[in-house]
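Asks: Handing you a structure now.
Residue numbers (the numbering used here): 11 to 92.
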């Protein structure tokens, strides 16, 4: 699935520049950033905004959806009910 979030793109370009053009290192750094900052962080929920693009509206594409944005949402743990 394609990701069109500009923040992920900017992070990738910054990582690519720091890695002296090595794409494998840049991709690994982006994955590490999202895994450590959002997936493993108990205080953050990830909200994924899905959409379609105009080029897929009139075609019967097998997967017309793209990720428009990935939004880290602050999460406050719920208090115990008992």
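Using N, Cα and C, we set each Cβ at its ideal position, and we do this for glycine too.
Are residue 84 and residue 56 touching if we call contact CB-CB under 8 angstroms?
Replies: Within the chain shown, the letter at position 74 stands for residue 84. Within the chain shown, the letter at position 46 stands for residue 56. In this structure, residue 56 does not lie closer than 8 angstroms to residue 84 by Cβ.
Asks: Check for me: the alpha helix (DSSP H) holding residue 26 runs from which residue to which?
Replies: Position 16 of the chain shown, counted from the start, is the residue given in the question as residue 26. 16-28 is the extent of the alpha helix (DSSP H) around residue 26.
Asks: Let's see if you can read the secondary structure: which residues bound the alpha helix (DSSP H) around residue 80?
Replies: Your numbering for residue 80 matches position 70 in the chain shown. Here residue 80 belongs to no alpha helix (DSSP H); instead the beta strand (DSSP E) covers 75-84.
Asks: Within this structure, are the beta carbons of residue 43 and residue 29 separated by less than 8 angstroms?
Replies: Taking the first residue of the chain shown as position 1, residue 43 is located at position 33. Taking the first residue of the chain shown as position 1, residue 29 is located at position 19. In this structure, residue 29 does not lie closer than 8 angstroms to residue 43 by Cβ.
Asks: Decide if residue 71 is buried, meaning its Cβ has at least 16 other Cβ atoms within 10 Å, or exposed.
Replies: Within the chain shown, the letter at position 61 stands for residue 71. So residue 71 counts as exposed.
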